[in-house]
Structures are given as C-alpha cells and as structure tokens.
Amino acid sequence: MAKLWNVLFISSILFLTACSDRSNAPALSGIIWGGEGNRLTIAPATGNPFIDTLLIDNHGRFVWTPDTVEAGFYILQKNPENQILLVLQHGKPIVIDAQYFSFPKGSRVEGFELHEDFLELKEVSKQWHNDLAIISALTSDSTWKPGVDEIKSLKHKQDSLTDSYRQKVLTLSQHPLVRMVGLMQTSGNRPLFDMWTYKDLYFEVDSALVNYSELREVRTYRQEVAKLYALQNKFEKLKAGDSFPNLVLAINRNDTLTTSDLKESPVFIGLFDAGDSEQAAVQARCAELLRQYRWRGLKAVYLNFDSTEVVRDIPQFYYANLEGGLSPELKEELGIVNMPACFVLTQTGIIAARNVWDDRLQQVIGQLVEK
Numbered sequence: 001m002a003k004l005w006n007v008l009f010i011s012s013i014l015f016l017t018a019c020s021d022r023s024n025a026p027a028l029s030g031i032i033w034g035g036e037g038n039r040l041t042i043a044p045a046t047g048n049p050f051i052d053t054l055l056i057d058n059h060g061r062f063v064w065t066p067d068t069v070e071a072g073f074y075i076l077q078k079n080p081e082n083q084i085l086l087v088l089q090h091g092k093p094i095v096i097d098a099q100y101f102s103f104p105k106g107s108r109v110e111g112f113e114l115h116e117d118f119l120e121l122k123e124v125s126k127q128w129h130n131d132l133a134i135i136s137a138l139t140s141d142s143t144w145k146p147g148v149d150e151i152k153s154l155k156h157k158q159d160s161l162t163d164s165y166r167q168k169v170l171t172l173s174q175h176p177l178v179r180m181v182g183l184m185q186t187s188g189n190r191p192l193f194d195m196w197t198y199k200d201l202y203f204e205v206d207s208a209l210v211n212y213s214e215l216r217e218v219r220t221y222r223q224e225v226a227k228l229y230a231l232q233n234k235f236e237k238l239k240a241g242d243s244f245p246n247l248v249l250a251i252n253r254n255d256t257l258t259t260s261d262l263k264e265s266p267v268f269i270g271l272f273d274a275g276d277s278e279q280a281a282v283q284a285r286c287a288e289l290l291r292q293y294r295w296r297g298l299k300a301v302y303l304n305f306d307s308t309e310v311v312r313d314i315p316q317f318y319y320a321n322l323e324g325g326l327s328p329e330l331k332e333e334l335g336i337v338n339m340p341a342c343f344v345l346t347q348t349g350i351i352a353a354r355n356v357w358d359d360r361l362q363q364v365i366g367q368l369v370e371k
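So the sequence shown is residues 1 to 371, counted in our numbering.
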C-alpha cells in the first residue's frame, strides 16, 4: 500500500508541474523509474559545448534548471548508447516519464512530440553506416584489386545502398525538423543527401523551417542553404546552349591553353582532383571512354588540381596540373560548384552538356563526332 501511495504521489507531482504556469516550470524535468541514485547528462547537440549532470533522487526524479537555455537541439543520455534527442524552446518545458533500464525506449515525453521520430532516424542512420562499413571491408580482402572495373563496382554498391537508406529516411516523419536532421546525416565523408544533388529537398525544408528560426541548428541550416541558393545562381551562369567563354584554361610549362585554341573540334574539358580516390576513378573511366574517339576529331583537356600526373599518351589531348586549383574568378566564371566537373563543347564552342559521365558522356560525344 505504501508503494502504491508513493507512485500516486509522484505521478500527481508530475501532473501538477505540467499543468502549472509553464513559464516558471524547469526547462526539463521528469521521472525515471528504477534510476534512483544514478545520473543523466545533457549537452547541446551543436554549438557551445558543455555537459550538465542531472542527479536522479531517491524517488527517481530529475530536474534541469540552468540560468539560461539557448533554444536548440540537446542530447539527454544515460550513456553514449542510450540517449534521446530533444528540442528545447523558450516557454515550452519538457517532462519525461521513462524506465531507467530501457531508456530511451518506451519514454513518454510531454512538450516534445518528435522524440520517437528522432530515435527511428538514429537507428536508420546507424544501420546505413554499418552496412557501408561491410561493403568497404571488401577492399581489405587480399584478393581484391583496385582496377577500374572493381572501383566502379564498389562505388555502385555503395551508391545503391545509400540510395535505399535515403528512401527510408524520406518515408519517416514529414515534420521539417526531422527532415532537416535526416538531410544532414553522414557516414565519414559521405553525406546521405549531397547538398547539390538534392538541393530542391534542402530548399523545400528551408521554407518549412521559418517558424523554427529561434533554434540554433535551424539558423545554421538556413545559413548553409543560403549559400546553396548562391551556388545555384552561379551554376546557372553556364548551361547547355550557352557559349563557353574564351578563357585561359591553363598555363603549364610555359604553354598557354585558351578555349579559342580548341575551336573547330568537339571538346571535352574535365576538372579533377586526382588525389581523391573517387575522382581518380571517374577520371580513369573518362580516359578509357574518350580514348576511342581520339582519331575521330575529339579534343580533350584534363585539368588536375594536384600534382598527380595523368598518362600523356594521346597527342590530341591536353594535360595540365593546377596544384593551386582554379582561381576564385575562374570558378565564378565557369560556375564550378563541386568536383569533379566537366564541359562538352560543340565545334563552335557551344556547351552541349556539363557534368555528364559514363554512358551519358559517351552518348553526347558520340553524337558530336558523327556530325
């Protein structure tokens, strides 16, 4: 009977706290059954790093009452494997009712309805990371050889896997905060949603976040999307059907190469950082593809942004190593957003296509050399 009374008493306290003047309520409070004598920690997900320790009293209660709280995302955790992502906003206290040993699973959260969506998103992201690691582990096998076909096959597996997890994330909650966090998932240097490729999704979420601008992470996200808008405007300066500008593309070993030197022939202009393994693989596939057109009037220009030497085995092709990269002015002029990049020009210097690779590149060049 005493135990029942204790439960009813604690439940009443939580109910009264939730129903009282919310402006005076603590930013975060709750009860964790079975957690007496233990502790939780809370820290901002991004921004100014700090960690606060929350003690769980002998009734399983905890309270967080900092002097000031910056609106944003916070991680409440029992340990690194058991944590919950919360969004704290001014005047919107959060109350949690949970079991310590299963935390955060089964937690009831008042004042924030997205915690289960974030838990599900975390599980999807974790599984994506683990599955990518399994594929990458194939390269450590002694029988694996990093040839062009092998690298292409590996990239295809990684891309196919990432695409499947991308679709899983898109089927989760449509709430803009969940969408925002989903778009920002990464595994190592690989983003789940490349900003440029999926810019329309980033723009859509940005528009839906207007009412959440007080949140630290939303402000950061919207600043990055503003840069993406600027990149899109720059990219649209040169598109298929436009004349390619007459520029000095490279000065290499006292030889100056301008676009006017390339007139009267279809031209492929490729820009690569060959020190990057994925870009090197793209360049190798391009070299193999373009080689078959060397006697059919095609000219090609390879601009490498490092010291890696390209095999200079085709007289009709031009090679240059630009270890310092492109100047900001030339990037602006060409609308280069990310690497690798390429332009395919007609005999009169008109852009036939840009940033096309593999089968699509072969199709475009095949049409030009047959004219």
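Positions of the beta carbon are idealized from the N, C-alpha and C atoms, including for glycine. Predicted model only: the values in this text are computed from it and were never measured.
The residue among L290, P328, F101 with its C-alpha nearest the C-alpha of W357 is L290.
DSSP places V87 in the strand class (E or B) of the three-state scheme.
Residue burial annotation: R61 is buried, with at least 16 other C-beta atoms found within 10 angstroms of its C-beta.
Contact between V205 and L183 holds: CB atoms are separated by about 6 angstroms, below the 8 angstroms threshold.
Residue pairing of V109 in beta bridges, as defined by DSSP: I96. Between the region 40-52 and the region 72-89 there are three or more C-beta pairs closer than 8 angstroms, enough to call the two in contact. N355 and E150 have their C-alpha atoms spaced approximately 23 angstroms apart.
Here N82 is near P104, since their CB atoms are less than 8 angstroms apart. Three or more pairs of CB atoms, one per stretch, sit closer than 8 angstroms, so the region 346-354 contacts the region 239-246. Taking 8 angstroms as the upper bound for CB-CB distance, D273 and M195 are not in contact here, some 18 angstroms apart. Its Cα nearest to that of D97, the residue F112 stands out among Y229, D141, F112, H90. Contact check for I51 against I32 fails: the beta carbons are separated by 8 angstroms or more. From the listed residues Y221, R190, S142, S29, the smallest Cα separation to R179 is found for Y221. In the DSSP annotation of this structure, I31 is not part of any alpha helix (DSSP H); the continuous beta strand (DSSP E) holding it starts and ends at 28-33.
Nearest neighbour of K237 by Cα position, chosen from G47, R190, Y202, E332, turns out to be E332.
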